[in-house]
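Quick note: the sequence shown uses this note's numbering, first residue 9, plus one each step. The C-beta atom is built at its ideal place from N, Cα and C for all residues, glycine as well. Remarks on the structure that follows.
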Amino acid sequence: MITKCLSVKLLIVFSVLISSYSCAVKAQNLKFIKQKLPEEIKSINDIKIEGDIVWIATGQGLYKYKNKKIVRYFDESAPEKFMINSIEIDEFNNKWLSNYAGNLLKFNDGKIIKEIDFIGLLDNRSDLLTDIEINKEKSTKNSEILLTSSNGLILYYNPELDQIGLKSSPVKNMIYSIHYGINDVLWLCTGDGFFSKHDDKNWKNKQDLFYAYGVKKSGDKYWGFGRNKNNEAVFMLYYTSDDNKNSKKYVWKEFDLKNIRNKYSRFYDVEYFNNETVWIASDEGLIRYNPITGNVDTFNKENTKNFELNDVRHLIVQDKKTIWLSSFGASLYKLVLK
9 MITKCLSVKL LIVFSVLISS YSCAVKAQNL KFIKQKLPEE IKSINDIKIE GDIVWIATGQ
69 GLYKYKNKKI VRYFDESAPE KFMINSIEID EFNNKWLSNY AGNLLKFNDG KIIKEIDFIG
129 LLDNRSDLLT DIEINKEKST KNSEILLTSS NGLILYYNPE LDQIGLKSSP VKNMIYSIHY
189 GINDVLWLCT GDGFFSKHDD KNWKNKQDLF YAYGVKKSGD KYWGFGRNKN NEAVFMLYYT
249 SDDNKNSKKY VWKEFDLKNI RNKYSRFYDV EYFNNETVWI ASDEGLIRYN PITGNVDTFN
309 KENTKNFELN DVRHLIVQDK KTIWLSSFGA SLYKLVLK
């Protein structure tokens with residue numbers, strides 16, 4: 009009887025908390041501020057945050073955006089060098105850049121410190137470097153910088169040995185991204201599905217994720233996104249299961265997206281925010297998702313003042329009140345949460 013009463017009380021408290029949270033979220037004011045960028049920018053390929061600096065990767069150069077002032081890094085004598093596709097930032101604030109020419113660039117203090125050439129390992133000139141991954145997990149000592157390609161290659165650069173090479177890959181087609189996880193796990197997101205690899209073991213395919221686009225770490229949480237075999241959007245959380253009491257067992261939990269406007273939406277990026285809010289960049293616009301209640305709000309040019317995008321490709325949190333968004337075109341927005 010005591011257990012039953014306690015359960016009822018907990019249920020009531022939980023319901024009140026959820027109701028209060030939902031009201032708070034709906035009442036929250038959002039302000040979309042479009043940023044003015046140079047006219048030569050044709051497309052934004054990636055954005056990263058370093059303190060109050062927004063780094064912007066484009067085919068027209070690397071841009072440093074701070075306090076509405078922008079600095080362009082470009083080499084007129086070798087324009088392909090600063091045709092940047094992706095950015096990653098390490099613990100020493102070095103910017104690691106991949107370019108269209110098959111190079112990995114170490115960039116800091118306004119200049120290229122080191123240039124690593126992968127063109128000899130790529131299949132052909134049309135094979136594009138798609139992602140850079142730096143191990144930021146304190147539980148592992150692997151210092152290799154990993155890269156992926158549009159033709160299914162996994163490459164690495166070892167800064168300690170100044171050595172490059174290839175790693176085994178389970179696919180021969182598009183790899184969208186690769187990710188270091190906890191306990192020496194690697195996650196591979198591809199057009200042929202989602203793969204995981206522990207230590208030196210073989211790649212394993214997660215059968216229920218037909219397409220995998222990315223895994224995003226926010227705090228101590230890992231969020232995965234892609235599509236199932238019916239081409240429907242999938243959103244997952246990697247968490248510790250309570251089933252195994254002797255040792256920690258991590259599993260993927262899939263969330264219910266029944267309230268999403270278009271179940272076939274393409275998710276490009278995600279960010280877990282404070283107060284259990286998940287922001288999702290998608291081809292439907294910017295989605296605000298509550299993983300507890302399943303509530304969904306979509307913001308795009310059709311329903312949101314001063315926000316002209318229906319297709320949001322990149323999403324990154326600067327602080328508790330500031331989020332940056334960009335499109336595959338040349339649009340950059342600052343989202344201020346009041």
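For Asp327, the enclosing beta strand (DSSP E) covers residues His322 to Asp327. Within its own chain, the residues whose Cβ lies closer than 6 angstroms to the Cβ of Trp195, once the five positions on either side in sequence are excluded, are His187, Gly189, Ser204 and Val223, listed in chain order.
The three-state reading of DSSP puts Glu96 in strand, counting E and B together. Taking a contact to require three or more Cβ pairs closer than 8 angstroms, the region 207 to 219 and the region 159 to 166 do not qualify as touching. It is roughly 25 angstroms from the alpha-carbon of Thr285 to the alpha-carbon of Tyr184. Between the region 34 to 51 and the region 73 to 85, the count of Cβ pairs shorter than 8 angstroms is three or higher; the stretches touch. In the three-state DSSP reduction, Phe275 falls in the strand class (E or B). A distance below 8 angstroms separates the beta carbons of Trp332 and Ile55. Looking at Leu70, Ile300, Lys271 and Ile140, the one whose alpha-carbon comes closest to that of Thr306 is Lys271. Rounded to whole angstroms, Lys39 and Thr301 show a C-alpha spacing of 24 angstroms.
The beta strand (DSSP E) runs lying completely inside the region 138 to 198 and spanning 3 residues or more are 153 to 157, 162 to 166, 171 to 175, 183 to 188 and 193 to 198, given in chain order.
Distance from the CA of Asp98 to the CA of Lys144, rounded to the nearest whole angstrom, comes to 8 angstroms.
By the neighbour-count criterion, in which 16 or more other beta carbons inside 10 Å mark a residue as buried, Phe100 falls on the exposed side. Between the C-alpha atoms of Leu340 and Lys261 there is a straight-line separation of about 32 angstroms. Pairing Thr156 with Leu137, the inter-Cα distance amounts to about 6 angstroms. Taking the Cα positions, Ile121 is about 18 angstroms away from Ser151.
The three-state secondary structure of Lys209, taken from DSSP, is coil.
Restricting attention to Lys229, Gly199, Gly118 and Asn93, the CA atom closest to the CA of Tyr219 is found in Gly199. The straight-line gap separating the alpha-carbon atoms of Phe243 and Asn303 is approximately 14 angstroms. Between Ile64 and Tyr280, the alpha-carbon positions lie close to 21 angstroms from each other.
Selection Ile153, Asn181, Ser177 and Leu174 evaluated against Glu168 yields Ile153 as nearest (Cα-Cα). Secondary-structure assignment with DSSP links Ala241 through a beta bridge to Arg235. In its chain, beyond the 5 residues on either side, Asn236 have a beta carbon closer than 7 angstroms to the beta carbon of Asp216. With contacts defined by Cβ atoms closer than 8 angstroms, Tyr247 and Gly232 do not form a contacting pair.
Collapsing the DSSP output to three states places Glu284 in a helix.
The beta carbon of Ile92 sits closer than 6 angstroms to those of Ala65, Leu70, Leu105 and Asn107, all from its chain and outside the five residues before and after it, given in chain order. Nearest neighbour of Gly234 by Cα position, chosen from Leu323, Ser226, Gly227 and Lys214, turns out to be Lys214.
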